[in-house]
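Numbered by my numbering, the letters in the sequence shown go through residues 225 to 484 in order. Virtual Cβ for every residue (Gly too), placed ideally from N, Cα, C. The structure presented is a predicted model; accordingly, all values stated were derived computationally and were not measured. For reference, the structure is listed below as structure tokens.
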Amino acid sequence: MKKLLILIALMLLGNNGFAQDKLYLILEFMKVDNEQEAAYMETEAFWQKIQEQRVKNGDILGWDLWSLQPGGEDQGYQYLTVTLYNDPLKMMSNAGNFEAALKAAYPEMSDDDLNKKFENTARSRDLAKRVYLEQIATTKGNFEMPLGTVAGINLMKVSNGDYEKYEKFETEIFQPMHQKEVDAGIRGNWGLLRYILPVGSDVYASHITVDMYKDYNQLFNVGATDGPAMSKDQIRKIQEGLDSRDLKFKYMATLIRKAR
Numbered sequence: 225m226k227k228l229l230i231l232i233a234l235m236l237l238g239n240n241g242f243a244q245d246k247l248y249l250i251l252e253f254m255k256v257d258n259e260q261e262a263a264y265m266e267t268e269a270f271w272q273k274i275q276e277q278r279v280k281n282g283d284i285l286g287w288d289l290w291s292l293q294p295g296g297e298d299q300g301y302q303y304l305t306v307t308l309y310n311d312p313l314k315m316m317s318n319a320g321n322f323e324a325a326l327k328a329a330y331p332e333m334s335d336d337d338l339n340k341k342f343e344n345t346a347r348s349r350d351l352a353k354r355v356y357l358e359q360i361a362t363t364k365g366n367f368e369m370p371l372g373t374v375a376g377i378n379l380m381k382v383s384n385g386d387y388e389k390y391e392k393f394e395t396e397i398f399q400p401m402h403q404k405e406v407d408a409g410i411r412g413n414w415g416l417l418r419y420i421l422p423v424g425s426d427v428y429a430s431h432i433t434v435d436m437y438k439d440y441n442q443l444f445n446v447g448a449t450d451g452p453a454m455s456k457d458q459i460r461k462i463q464e465g466l467d468s469r470d471l472k473f474k475y476m477a478t479l480i481r482k483a484r
């Protein structure tokens with residue numbers, strides 16, 4: 225399986241010209257039963273220390289845990305973990321020395337106790353979906369994403385033939401508008417992500433946009449602010465861009481743990 229993932233990554237490098245200084249992400253959507261909430265929080269507290277060691281060892285850039293809304297048991301997923309990489313080969317092959325990170329995080333824990341922790345991990349949640357992505361655009365700024373950060377996660381479906389049209393719309397129309405909000409201190413960050421895997425006609429989404437704010441106060445203040453007046457040509461371009469994708473679902477996420 226690892227060889228297959230490496231082969232896929234090499235094919236993508238050749239076809240799309242991936243750069244080593246770009247950001248790559250693994251999103252893992254979790255289903256957690258109501259009665260497992262406390263156990264799941266213990267599970268992620270255990271994993272956070274391991275992820276912190278993986279960051280120190282250079283295996284990953286970072287790791288986050290987000291709670292999701294609406295998040296009801298019949299509405300999809302309740303939590304999301306995000307693992308950050310600067311190299312697609314590391315991401316696709318899960319490169320790094322996990323055992324070294326584990327031992328550094330829990331040097332005094334016995335093998336039996338570690339095995340119990342891993343068993344509790346499996347029991348406390350259902351890792352329902354894993355998505356591999358690359359970041360293709362983002363606003364500039366010094367937003368440090370503190371705990372409590374609020375993010376709107378927008379899952380977009382774009383047909384293969386419309387990728388260029390849609391991404392051009394996001395980067396030429398919306399990105400400058402979001403950058404002005406970042407510069408004015410009324411938005412934390414904005415980013416555009418493209419799926420690496422899975423892909424295909426049956427995949428639920430092909431892109432994700434992420435709108436970040438330091439808290440809900442900032443988010444609602446932006447919503448209450450009138451934007452700049454737009455010309456008819458700008459309005460037409462925005463409508464054309466909106467028509468190029470289907471907004472499949474929106475989650476509101478709150479950052480509750482992170483490792484950097």
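To the nearest angstrom, how far is the alpha carbon of residue i from that of residue j?
i: T362; j: N445; result: 22 Å
i: E396; j: I377; result: 20 Å
i: D337; j: N344; result: 11 Å
i: I274; j: I480; result: 16 Å
i: F322; j: W271; result: 12 Å
i: G300; j: W287; result: 22 Å
i: N258; j: D298; result: 12 Å
i: K461; j: A453; result: 14 Å
i: N239; j: I420; result: Its pLDDT being 45, under 50, N239 is placed unreliably in this model, and the value from its coordinates should be taken loosely. Near 12 Å, if we compare the C-alpha coordinates of I420 and N239.
i: L416; j: R347; result: 33 Å
i: D407; j: E388; result: 27 Å
i: V374; j: N413; result: 10 Å
i: D335; j: L371; result: 32 Å
i: Q442; j: M436; result: 10 Å
i: Q403; j: T267; result: 37 Å
i: Q359; j: A352; result: 22 Å
i: M380; j: T433; result: 8 Å
i: I410; j: M401; result: 12 Å
i: S455; j: F398; result: 15 Å
i: W290; j: L308; result: 14 Å
i: N339; j: F393; result: 49 Å
i: V382; j: F253; result: 21 Å
i: A243; j: P331; result: Residue placement at A243 is poorly supported in this model, since its pLDDT is 46, which falls under 50; the coordinates still yield a value, given next. If I take the Cα positions, the gap works out to 36 Å.
i: N384; j: G465; result: 15 Å
i: A269; j: K438; result: 23 Å
i: Q463; j: S425; result: 24 Å
i: R418; j: Y440; result: 26 Å
Going by beta carbon distance, what residues of the same chain come within less than 6 Å of residue i, once the five residues before and after it are set aside?
i: A233; result: Only weak support is given to the placement of A233: the predicted model assigns it a pLDDT of 48, under 50, and the question is left unresolved by the model.
i: E276; result: A483
i: V355; result: L251
i: N310; result: L285
i: G295; result: Q302
Output the boundary residues of the beta strand (DSSP E) element that contains residue i.
i: V355; result: 350-362
i: I432; result: 431-437
i: G286; result: 286-293
i: D407; result: Unbroken run through D407 is the alpha helix (DSSP H), 399-407; no beta strand (DSSP E).
i: M380; result: 374-381
i: M476; result: 470-483
i: L417; result: 413-421
i: Y303; result: 303-309
I'd like the span of the alpha helix (DSSP H) that includes residue i, first residue to last.
i: T267; result: 261-280
i: E464; result: 456-467
i: D533; result: Nothing about residue 533 can be read from this structure; the chain reaches only from 225 to 484.
i: L371; result: Element bounds for L371: n/a, residue is neither H nor E.
i: L326; result: 322-329
i: L313; result: 312-317
i: Y387; result: 387-393
Can you list, in chain order, the residues of its chain whose CB lies under 7 Å from that of residue i, leaving out five sequence neighbours each side?
i: Q458; result: none
i: L292; result: Y301, Q302, Y303, L304, Y475, A477
i: N281; result: G320, N321, A324, A325
i: K341; result: F270
Once the 5 residues before and after residue i are set aside, which same chain residues still bring their CB inside 8 Å of it?
i: V256; result: Y264, Q302, Y303, S348, R349, D350
i: V423; result: S430
i: D173; result: The shown model of the chain, from 225 to 484, leaves out residue 173, and the question about it has no answer.
i: V279; result: L285, G286, W287, A483, R484
Here's the rule I'm using: 16 or more other beta-carbon atoms within 10 Å means buried, otherwise exposed. How should residue i be labelled?
i: Y390; result: buried
i: E405; result: buried
i: Y475; result: buried
i: D283; result: buried
i: V306; result: buried
i: Y248; result: buried
Sufficient close CB pairs (3 or more, under 8 Å) joining the segment 259-268 to the segment 463-475
no
Pairs of beta-carbons, one from the segment 318-330 and one from the segment 366-375, closer than 8 Å: are there three or more?
no
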